[in-house]
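For reference, the structure is listed below as structure tokens.
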Amino acid sequence: MHKVLNNKLAIFLFVFPGILLFALTFLAPIILSGYYSFRDTLAPGTNSTFIGLGNYTELLFHDSRFWLSLRNAVLLGLGFIIIQHPIAIFFAVMLDRIGGKAEKWFRTIFFIPSVISVVVISKMWLSLLDPTFGVFNKLLDSVGLGALKHAWLGDSSTALVSMLVILIWAGFGWGLLFYYAGVKGIPEDLYEAASLDGASGFKLHLRITVPLLMPVITVQITLAMITALKQMEMVFLTTNGGPGDSTQFLAVYLYNKAFSASQYGYANAISILFIAVCLLFTYLSNKLTRSDATEY
Amino acid sequence: MNKGLLSGRNALLAGALAATAVLSACGNDNSSNQAASEGNNTPAAGGDQVTLRVFSNLPDRKSGQGLAEQMVIDNYTKENPNVKIELETLAEEPFKNKLKAYMASNEPIDVTMVHGGAELNTLVQAGYVKELDPAEYAGEEFSFLPGVYTSFTFNDKLYGLPRNSDYEVIYYNKRLFEENNIKVPTTYAELIEAGKQFRAKGIEPMSINGKDLWSFGAFFQDLVIRVGGDQNLMLDAVAKKKDFTTDDTFKKAAELLGEARDSGLFQASYMTSDYGASQNLFTQERAAMWYMGSWEAGMATNENLPQTFRDNVAVLKFPVVEGGKGKDTDLLAWNGGGYSLVNSSKHPEEAKKFFDYLMSANQWAKSVWDIGAAVPAQTYQLNGNESSLQKELTEVLTGATSTAGSLGLDYGTPKFKDDAQNLFGKFFAGGSTTEQLLSDLQSAAASQ
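Residue numbers (this note's numbering), protein chains in the order written: chain A, 1 to 296; chain B, 297 to 744.
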């Protein structure tokens, strides 16, 4: 075995397929994207002209829709981190405490939204929030709050908030699963020792659960930001960025520019900035949440 | 452009009348189709086995235009046993997007559905679709109405053939109007008033596919035509020959558009309703009207829809505007959908044969009319079994005194279409005023 690993040809043979795959499916598209982002073109294969940084200056300095979609993505990411994750951690701990059959049962219930097709979920929320026959408005009516009835996704003043609630709800199962696995990995005797020392309730979790979950939290924050930036399917299927541009997200905007507006070069410039923003957020979230590995 | 379609209508009428006699001799069964088409196609016996790929935007194969398309495909494969047709269908918006993905990867589709105007222009510029020779399609075998190639012609070259005469109408539910004692509107003020009355009774007045955005553009163009009485005004503005901000007609039309928005004419969920959702609302009799095109003639014969709805669906011309110069016979009509041959086809000859067969008057045009799914772009034969909806739609077309030739949104580049659609979306979401809408439209036209 040792001999084989010293053989340069063997190393090459083992590593090359992986590198080739990576280059073809990951590097090449990015390089091509970079190439097209400097050109004005309708689609690959059509006539194109080199326009230098034209697409980028237009995007960064004249395109308010780009900044709006970026802002919405950041808001969604913060929504994940500030609203979804604490709730997910809370339920992960509760699930762990509850034990027995109830634990399995609730675990399944919480995860159901994550296994249902995005299309189904989108249609379901469109129906739930429909101003005419939606259950949500009917509920408001039945408890005497009829005055609050609304076209939740169809009105630019409430569309973004509704969209964020849906997305936070839909991603909850995954968030919970990660934290639940993290909580399960914390040895029980740590809690017992802390209890003996007099810690209890919330303090117990603040001092033991949260620090020991830190590596999971770090990964989750990074994933949350990237998920928010990549948000596409649900928005596309429910509002398609509208009404107006109130629920415009970066990936949807990119898609519409490439396929509806046939501004392929411009869309590629968006995609390059998109990669840059994703890398920046990954770097920042790693930096901000970095802590020495906690050991037990 | 207008003249072309005008004479087209005469041809249509003449064709319709004359052909009734011809057809009565032929009958309507499949054997007549076969007999007629065998003369036009080279015999297929002994030919190599070929699989043709066809891409279409008609996923419903059991009713409407999807059924018509399927009938033609079945006829063709029956007559040409060596040809297998591999069909791929997607709903409207996903279809458009996937077609562009196919274009980008030069996917070897043989025949594809295309949308004339801006959409097709992109395919043409990418060299994805084949140029056609108009002379080949001039004869009686095809009987295209004059002037129908406009949206398929770029730099005087033809790249596709239209399948329908498309025009915007208002479908309405007679029962809902009668039971609620509301006057069927003939003027815009009456339309707005009817909207208020329906809303007061808890019925959605008019359904529209706001999420798809393009209907707003058509509605605006209809208003421009009614206010100014000029079919070319909107197209000229898109082509930068007129200005959206300085012409009073646009100002008035935008104000009327705002009235529709503010008076609650459209269903409460109009900004999140896509095509299917807006149609469901109307066909389930929860909305009194539906702003849509003539291609929905098949609703009256679609057995999946409630009988009460099918008995009560009728057509209304876009109402006149008080003080406007336009008449209710000025029709927002164009040729939107059609078919093209794809350059990267692996079986160009077989593909052309099928394409010609599909477009011959006794195939697509006949099938689509016979089942009442749409109004063809070719002279068609009345078969005596037309639904009242079809007859009303025919009357709207044959009674038109002028036609637009193109949808304003499709008249510019795809970028203009996307920008303009989003501007209408912004306007309808309450994010802009009439002045802003017009100045934004002007910038969109200028920067396309």
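Note that the Cβ used here is the ideal one computed from N, Cα and C, for glycine as well.
Inset, instruction - Might you give, ordered along the chain, the residues of its own chain that have their beta carbon closer than 7 Å to the beta carbon of Leu601/B, omitting 5 neighbours on each side? - result: Leaving aside the five residues that flank Leu601/B on each side, the residues in its chain whose CB is nearer than 7 Å to its CB run, in chain order, Thr579 and Met595.
Legend entry - Classification of Trp125/A by the beta-carbon crowding that lies within 10 angstroms, buried from 16 upward: Buried: at least 16 other Cβ atoms inside 10 Å.
Legend entry - Residue burial classification, Ala15/A (beta-carbon count within 10 angstroms, cutoff 16): Before going further, note that residue 15/A is Val rather than Ala in the sequence given. Exposed, because fewer than 16 other Cβ atoms sit within 10 Å of the Cβ of Val15/A.
Inset, instruction - Following the continuous beta strand (DSSP E) through Lys507/B, name the residue where it begins and the one where it ends. - result: Note, Lys507/B: premise wrong, no beta strand (DSSP E); not H, not E.
Inset, instruction - Verify the contact flag: Val143/A, CB atom, against every heavy atom of the ligand FAD, threshold strictly below 6 Å. - result: The model depicted lacks the ligand FAD and carries no ligand whatsoever.
Inset, instruction - Report the three-state DSSP secondary structure of Gly634/B (helix, strand or coil). - result: When secondary structure is reduced to three states using DSSP, Gly634/B falls in the strand class.
Inset, instruction - Sort out for me which residues DSSP pairs Gly704/B with in a bridge. - result: Paired residues: none, contrary to the question.
Inset, instruction - Alpha carbon to alpha carbon, how far is Ile478/B from Glu618/B? Give it in angstroms, no decimals. - result: Between the alpha carbons of Glu618/B and Ile478/B lies a gap of roughly 19 Å.
Inset, instruction - Determine the DSSP secondary structure at Asn376/B, reduced to helix, strand or coil. - result: Of the three classes helix, strand and coil, the one that applies to Asn376/B here is coil, per DSSP.
Inset, instruction - Could you list which residues in chain A have their beta carbon closer than 9 Å to that of Thr418/B, in chain order? - result: Going along chain A in sequence order, the residues near Thr418/B (Cβ under 9 Å) are Leu42, Ala43, Thr46 and Ser262.
Inset, instruction - Using the DSSP secondary-structure output, state which residues sit across from Ser503/B in a beta bridge. - result: Answer is Trp586/B, bridged to Ser503/B.
Inset, instruction - Kindly indicate which three-state DSSP category Phe38/A falls into: helix, strand or coil? - result: In the structure shown, Phe38/A adopts coil according to DSSP, grouped into three states.
Inset, instruction - Show which residues of chain B have a CB atom less than 8 Å away from the CB atom of Asp63/A. - result: Proximity of chain B to Asp63/A at the Cβ level (cut-off 8 Å) is not reached, the minimal Cβ distance being about 12 Å.
Legend entry - Test: Pro29/A CB closer than 7 Å to a CB of chain B: No, Pro29/A lies away from the interface with chain B (no Cβ there is under 7 Å from its Cβ).
Inset, instruction - Starting from the beta carbon of Asp714/B, find every residue of chain A whose beta carbon is closer than 7 Å, and list them in chain order. - result: Result: Asn256, Ser260 and Ala261.
Legend entry - Check whether Lys257/A and Ala269/A have beta carbons under 7 Å apart: No. Outside cutoff.
Inset, instruction - Using three-state DSSP, classify Val15/A as helix, strand or coil. - result: Helix at Val15/A.
Inset, instruction - Just the chain A side, please: which residues come within less than 8 Å of Ser640/B by C-beta, in chain order? - result: Result: empty, since nearest Cβ-Cβ is about 10 Å, beyond 8 Å.
Inset, instruction - With DSSP as the reference, label Phe614/B as helix, strand or coil. - result: If DSSP states are grouped into helix, strand and coil, Phe614/B belongs with coil.
Inset, instruction - Compare the C-beta of Gln421/B with all C-beta atoms of chain A and state if any pair is closer than 7 Å. - result: So, interface residue.
Inset, instruction - Just confirm the distance between the C-beta atoms of Val692/B and Lys623/B, as a whole number of angstroms; I'd bet it's less than 8 Å. - result: Under the criterion of beta carbons closer than 8 Å, Val692/B and Lys623/B do not qualify as touching, at roughly 13 Å.
Inset, instruction - Please decide whether Gly244/A counts as near chain B, where near means a Cβ-Cβ distance under 7 Å. - result: Yes, Gly244/A counts as interfacial toward chain B.
Legend entry - With 16 other Cβ atoms within 10 Å as the buried cut-off, status of Phe38/A: Buried.
Inset, instruction - Would you mind sorting Thr418/B into buried or exposed? The rule is 16 or more other CB atoms within 10 Å of its CB. - result: Counting the other Cβ atoms within 10 Å of the Cβ of Thr418/B gives 16 or more, which makes it buried.
Legend entry - Exposure of Asp94/A, with buried meaning 16 or more beta-carbon neighbours within 10 Å: The residue you asked about is not Asp; residue 94/A is Met in the sequence shown. Flag for Met94/A reads exposed.
Legend entry - Every unbroken alpha helix (DSSP H) within the stretch 649-691 of chain B, with a cutoff of 4 residues, ordered by chain: List check, alpha helix (DSSP H) in window: 662-666.
Legend entry - Simplified DSSP state of Arg357/B, which is helix, strand or coil: Three-state DSSP puts Arg357/B in coil, outside helix and strand.
Inset, instruction - State the Cα-Cα distance for the pair Leu75/A and Ser162/A, rounded to the nearest angstrom. - result: Rounded to whole angstroms, the gap between the alpha carbons of Leu75/A and Ser162/A is 13 Å.
Inset, instruction - With a threshold of 16 other CB atoms inside 10 Å of the CB of Ile82/A, please say whether the residue is buried or exposed. - result: Under this definition Ile82/A is an exposed residue.
Legend entry - Which of helix, strand or coil DSSP assigns to Val346/B: In the structure shown, Val346/B adopts extended strand secondary structure according to DSSP, grouped into three states.
Inset, instruction - Tell me, please, whether the stretch 646-663 of chain B touches the stretch 362-380 of chain B by the rule of three or more beta-carbon pairs shorter than 8 Å. - result: The stretch 646-663 of chain B vs the stretch 362-380 of chain B: in contact.
Inset, instruction - Just tell me which of Leu733/B, Asn718/B and Leu737/B has its CA closest to the CA of Asp245/A. - result: Check the Cα spacing between Asp245/A and each of Leu733/B, Asn718/B and Leu737/B: the tightest is with Asn718/B.
Legend entry - Three-way DSSP call (helix, strand, coil) for Lys492/B in this model: Under the three-state reduction of DSSP output, Lys492/B falls in the helix class.
Inset, instruction - Kindly indicate if chain A contains any beta-carbon less than 7 Å away from that of Ser447/B. - result: No, Ser447/B does not count as interfacial toward chain A.
Inset, instruction - State the CB to CB distance for the pair Gly506/B and Phe724/B, rounded to an integer number of angstroms; the pair is presumed to be in contact (CB under 8 Å). - result: Taking 8 Å as the upper bound for CB-CB distance, Gly506/B and Phe724/B are in contact here, some 6 Å apart.
Inset, instruction - Determine the burial state of Glu552/B: buried for a count of at least 16 other Cβ atoms within 10 Å of its Cβ, exposed for fewer. - result: The sequence as given places Leu at residue 552/B; Glu does not occur at that position. Counting other Cβ atoms within 10 Å of its Cβ, Leu552/B reaches 16 or more and is therefore classed as buried.
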